[in-house]
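Quick look at the structure:
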């Protein structure tokens, strides 16, 4: 029986599989394009040795972005293939348009909706927690009906919650659209850089060079948008809408807590403020005592 | 001409090499073990609430200067100034015979949500200065503020000028509304009152997300792909992991302090306008008469040079010096050129006795 480290053996096998898949893909014999390294992350999760805490996040990101990079390389190869044989004027432009379309689709798939959008929108969702997760599904059944009778306040609260959820969803949508435009601009810039390189005999010689070029274009596109007032407003609207949604949820939780005679956040805040005021007052008094002692001398 | 010079053989070679490096990288990272941060020996000499004041053990004969108190930002952890043996601002200062103290603000929790800037500047920072003054037997000490800690140090020196003999500010924002400052453009649109009212303390994760989204392609994607380039070098890999640990080790921000900082600094630019008040007293930077050494990083995307440089026109001192470090906000501590910084500080202090 071999005493080879099972983890190393698995990684060897994974690498060999990748090579085999890519060989078929590049020679045009593959029935399907190689997938971006399926299984590596799952393997580490289930069979890998426990990682030191400080390494866990790096490993996760390295695998995530490494797999993503291989997916990008696959898209790059399509560009390389489609550009093969082209070289002049209209033909090159046509190829670049095709590349542009391929990029947009490829990156959309890779990042799940847009190179920026997925990460940043997911972060907002995480920040929102349950409030954001449930947003949109909390619309009151009859938002336009006037609130009447014993349940009037409850109905109004639900309506406010529903309106806040709707505002948040709309804000998130507008922000996502803005990030989508950044992605489109990044692709546009990339196309131009490729065309310019071709015209000045500067060929792109590796996937990595292509990837770095994409990142440069992405950052330029992002900077162009992010410094504008529209971007800042769209971003702050997501934040403000989320805060409104959470405010409405907190009110409902507080109502519920009060009905069970449980402590509420509002009461906690009052107590914390009182403690802070007392601490400040105590320090002032201590200083006064100290000053008096100094005046009296030893 | 064809924009690409990649044939299938070359493509296969590149992809296979990358796959191999990715697989090797998984093993290499697993083999590195837990990384340690903070390399210099130190003693806790004072603590209060979440705060701890440390004094570093000397590495060279005493140069005879007043002690240096390092006031770090509330954002991220202060071990950045002493990350590892070959990348340590603290070590560089200790090797020049300086007596170095560091404020570690700790991790604020819900009980700290009503702490204000006044509590930090006129409270915690002042009591740390008192501790250092008492221990050293000196009336005034050298204060070194970093980033937001630099802003606090400016406020402190303006309000307590008799306790600071020399002021050093590193990557410190003063003018919060310059055109290059993307963070400021975003912060100015935020309804910070509602945000703090709802969230209480502001989470470190949210701040991190904001900082990373200033350069999203490079900071959230490219650097992990580029990790493949250094996967064979265990030292570089370890440095990378150590930096990652620091970047994502983000304390939450006390809500009221965050509210005041965003509103007063980013939205109202009070330090620049001379309208900031703390503890009922106006923070007038022109009252700073002690020597000031302002260090900024020329490629800083968080605190652009334009945010730091106006300090010269605001302070009252005639002894104002500046050091433009060729690098970024983090590179000033950890890049190959970072050794220039303690050298410059040491020389500047030595010239002032």
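Chains as they are written, first to last, in my numbering: chain V, 271 to 568; chain P, 36 to 388.
All C-beta atoms, glycine included, are put in the ideal place defined by N, C-alpha and C.
- Burial state of residue 157 of chain P is buried, judged by a 10 Å Cβ sphere holding 16 or more other Cβ atoms.
- Rounded to the nearest whole angstrom, the CA to CA distance from residue 456 of chain V to residue 491 of chain V is 5 Å.
- At a beta-carbon threshold of 7 Å, none of the residues of chain P lie near residue 526 of chain V; the nearest stands roughly 17 Å away.
- Between the stretch 191-207 of chain P and the stretch 319-333 of chain P there are three or more C-beta pairs closer than 8 Å, enough to call the two in contact.
- The beta-carbon of residue 327 of chain V is placed less than 8 Å from the nearest beta-carbon of chain P.
- Contact check between the stretch 123-132 of chain P and the stretch 368-385 of chain P: three or more CB pairs, one atom from each, fall below 8 Å, which counts as touching.
- For residue 510 of chain V, the enclosing alpha helix (DSSP H) has its first and last residue at 499-529.
- Distance from residue 216 of chain P to residue 384 of chain P at the Cβ level is roughly 30 Å; contact not present, criterion being Cβ atoms closer than 8 Å.
- Contact check for residue 296 of chain P and residue 138 of chain P: beta-carbon distance about 17 Å, past the 8 Å limit, so the pair fails to qualify.
- Cα atoms of residue 87 of chain P and residue 554 of chain V: separation of roughly 22 Å, rounded to the nearest angstrom.
- At a cut-off of 8 Å between C-beta atoms, residue 96 of chain P does not count as an interface residue with respect to chain V.
- DSSP places residue 182 of chain P in the coil class of the three-state scheme, outside both helix and strand.
- Considering only P:181, P:197, P:187 and P:224, the residue with the shortest C-alpha distance to residue 173 of chain P is P:197.
- With a 10 Å radius around the Cβ and a threshold of 16 neighbouring Cβ atoms, residue 453 of chain V comes out buried.
- Separation of residue 194 of chain P and residue 179 of chain P (C-alpha to C-alpha, rounded to the nearest whole angstrom) is 16 Å.
- In this structure, residue 477 of chain V keeps its C-beta atom at 8 Å or more from the C-beta atom of residue 58 of chain P.
- Between the alpha carbons of residue 430 of chain V and residue 339 of chain P lies a gap of roughly 42 Å.
- Looking from the CA of residue 261 of chain P, the closest CA among V:543, V:339 and V:347 belongs to V:339.
- Between residue 201 of chain P and residue 74 of chain P, the C-beta gap is not smaller than 8 Å, which leaves the two residues out of contact.
- Taking a Cβ-Cβ cut-off of 7 Å, the neighbours of residue 259 of chain P in chain V comprise 331, 332 and 335, given in sequence order.
- Residue pairing by DSSP places residue 117 of chain P opposite P:123 in a beta bridge.
- By the neighbour-count criterion, in which 16 or more other beta carbons inside 10 Å mark a residue as buried, residue 526 of chain V falls on the exposed side.
- Out of P:209, P:80, P:252 and P:349, the CA that lies nearest to the CA of residue 482 of chain V is found in P:252.
- Of P:341, P:293, P:345 and P:306, the smallest CA-CA separation from residue 148 of chain P is found for P:293.
- Beta-carbon to beta-carbon, residue 70 of chain P and residue 273 of chain P are separated by about 6 Å, close enough to satisfy the 8 Å threshold.
- Residue burial is scored here from C-beta neighbours: residue 462 of chain V has fewer than 16 other C-beta atoms within 10 angstroms and is therefore classed as exposed.
- At a C-beta separation below 9 Å, residue 443 of chain V has no neighbours in chain P, since its nearest C-beta there lies roughly 18 Å away.
- Secondary structure of residue 53 of chain P (DSSP, three-state): helix.
- Following the DSSP letters along the chain, one finds residue 384 of chain P inside the alpha helix (DSSP H) bounded by residues 375-387.
- Residue environment analysis places residue 514 of chain V among the buried positions, since at least 16 neighbouring C-beta atoms fall within 10 angstroms of its C-beta.
- When DSSP reads this structure, residue 82 of chain P sits in a beta bridge with P:87.
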